[in-house]
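> One structure, as structure tokens, below. Some questions next.
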Amino acid sequence: MEGIVHKIVNLNGINMHVAEKGKGPVVLFLHGFPELWYTWRHQILAFAALGYRAVAPDLRGFGDTDAPSSITSYTCLHVVGDIVALIGSLGVNQVFLVAHDWGAMVGWYLCLFRPDLIKAFVSLAVPFRPRHPTLKPTEGMLAFFGDEYYMCRFQEPGKMESEIAEYGAASVIKKILTGRKPGPPILPKQNPFGNLRDIDNIKLPTWFSEEDLKYYASKYNHNGFGGGLNYYRALDLNWELTAAWTGVQIKIPVKLIVGDLDMVYTTPGMKEYVHGGGFKNDVPLLKECVVIQGAGHFINQERAEEVNDHIHDFIKEF
Numbered sequence: 001m002e003g004i005v006h007k008i009v010n011l012n013g014i015n016m017h018v019a020e021k022g023k024g025p026v027v028l029f030l031h032g033f034p035e036l037w038y039t040w041r042h043q044i045l046a047f048a049a050l051g052y053r054a055v056a057p058d059l060r061g062f063g064d065t066d067a068p069s070s071i072t073s074y075t076c077l078h079v080v081g082d083i084v085a086l087i088g089s090l091g092v093n094q095v096f097l098v099a100h101d102w103g104a105m106v107g108w109y110l111c112l113f114r115p116d117l118i119k120a121f122v123s124l125a126v127p128f129r130p131r132h133p134t135l136k137p138t139e140g141m142l143a144f145f146g147d148e149y150y151m152c153r154f155q156e157p158g159k160m161e162s163e164i165a166e167y168g169a170a171s172v173i174k175k176i177l178t179g180r181k182p183g184p185p186i187l188p189k190q191n192p193f194g195n196l197r198d199i200d201n202i203k204l205p206t207w208f209s210e211e212d213l214k215y216y217a218s219k220y221n222h223n224g225f226g227g228g229l230n231y232y233r234a235l236d237l238n239w240e241l242t243a244a245w246t247g248v249q250i251k252i253p254v255k256l257i258v259g260d261l262d263m264v265y266t267t268p269g270m271k272e273y274v275h276g277g278g279f280k281n282d283v284p285l286l287k288e289c290v291v292i293q294g295a296g297h298f299i300n301q302e303r304a305e306e307v308n309d310h311i312h313d314f315i316k317e318f
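Printed below as a string of structure tokens:
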């Protein structure tokens with residue numbers, strides 16, 4: 001991590017931790033759950049070497065950034081407000097945006113609300129999903145996937161935090177980041193992450209070391225999972241707040257990169273949406289959808305060099 005500069009920036013009413021390296025056009029990296037700026041360690045070094053200013057914050061509720069206690073502090077308007085203020089603090093008018101998982105969902109909202117700030121967007125794992133005009137997100141997920149679907153299980157304040165505490169941060173992060181089961185993730189109400197002994201026996205992949213796991217665990221042990229889980233708890237509130245954007249297209253040049261084993265990509269109906277014309281209709285400037293064979297959800301870590309090449313090939317056009 002040599003040469004990465006860390007700073008705390010006060011913006012939008014919170015203190016945000018930001019990691020960055022390099023000089024040149026800004027590439028802004030937004031992480032997902034349960035991750036941190038650290039998920040972009042390979043990208044920060046690579047893009048700084050390519051002549052870019054790579055910037056990766058801990059989003060609100062994560063890592064060394066403030067974590068307000070109220071669920072209502074985690075709406076898309078709050079989080080996008082943080083990113084707009086962050087871009088302003090960088091002294092630039094526009095950035096290249098690269099985002100993964102929940103960061104990608106924030107990225108889609110950013111493109112929806114403030115397209116003037118984004119030159120081009122590379123979304124990892126998560127395509128744009130338009131707002132359903134009549135069906136709240138949690139109602140839809142409950143109907144389609146049942147009450148053990150992971151986003152449904154995350155809804156009750158404190159419940160998942162206590163279940164995670166029984167396993168410990170390191171075990172839960174290890175289980176999630178090494179999981180490769182396709183399809184919608186299910187967390188049973190008994191032993192949601194499986195047998196602790198089985199988790200202990202999981203051999204870490206080459207792309208995720210014990211040192212990486214210790215870094216993640218140290219931050220979550222200190223700050224907890226509540227901030228990250230509150231993003232899921234604000235899903236229905238986001239739906240209410242974004243009624244005015246129903247049917248609005250994303251008018252930003254976009255590239256999607258996804259692993260063929262990704263849990264989002266293999267959720268029923270997603271491949272049909274991505275490749276069947278629906279995605280292109282909602283995102284008319286969509287340039288390409290790259291499907292990387294044999295890759296799972298945490299693709300920016302698992303296939304770092306390949307993903308970096310795909311990102312660079314796209315943004316260098318602008």
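In the UniProt record's numbering, the protein residues as written are 1 to 318.
Positions of the beta carbon are idealized from the N, C-alpha and C atoms, including for glycine.
What whole-angstrom Cβ distance do residue 233 and residue 155 have, given they're in contact under 8 Å?
About 6 Å; that satisfies the 8 Å criterion.
> Can you give me the start and stop residues for the alpha helix (DSSP H) that residue 77 sits inside?
Segment 76 to 89, the alpha helix (DSSP H) holding residue 77.
> Checking 8 Å against the spacing of the C-beta atoms, do residue 124 and residue 257 come in under that value?
Against a cut-off of 8 Å, the Cβ pair of residue 257 and residue 124 comes out as a contact.
> Which runs of the beta strand (DSSP E), 3 residues or longer, sit entirely within the segment 242 to 297?
Taking only runs of at least 3 residues, the beta strand (DSSP E) segments lying wholly in the segment 242 to 297 are 254 to 259, 286 to 292.
> Checking the sheet assignment: what are the DSSP bridge partners for residue 16?
Residue 16 pairs with 9.
> Leaving out five residues before and five after residue 295 in sequence, what residues of the same chain have Cβ atoms less than 6 Å from its Cβ?
Answer for residue 295: 259, 302, 303, listed in chain order.
> Are the segment 122 to 138 and the segment 99 to 111 touching by the rule of at least three beta carbon pairs closer than 8 Å?
Touching, yes.
> With distances taken Cα to Cα, identify the nearest neighbour of residue 91 among 138, 23, 318.
Of the listed residues, the one whose Cα sits closest to residue 91 is 23.
> Quick one: Cα of residue 1 to Cα of residue 112, how far?
Roughly 33 Å between the two C-alpha positions.
> Applying the 10 Å Cβ sphere with the 16-neighbour rule, what's the burial state of residue 159?
Exposed, because fewer than 16 other Cβ atoms sit within 10 Å of the Cβ of residue 159.
> To the nearest whole angstrom, what separates the beta carbons of residue 184 and residue 145, a pair I think is in contact under 8 Å?
Correct: roughly 5 Å between the Cβ atoms.
> Among 6, 95, 274, 172, which one has its Cα closest to the Cα of residue 316?
When only C-alpha atoms are compared, the closest one is 95.
> In the DSSP assignment, find the unbroken alpha helix (DSSP H) run with residue 219 in it and report its ends.
Residues 210 to 223.
> State the DSSP-derived secondary structure class of residue 57, mapped to helix, strand or coil.
Residue 57 falls in the strand class under three-state DSSP.
> Just the Cα atoms here: how many angstroms apart are residue 12 and residue 82?
So the alpha carbons of these two residues sit roughly 6 Å apart.
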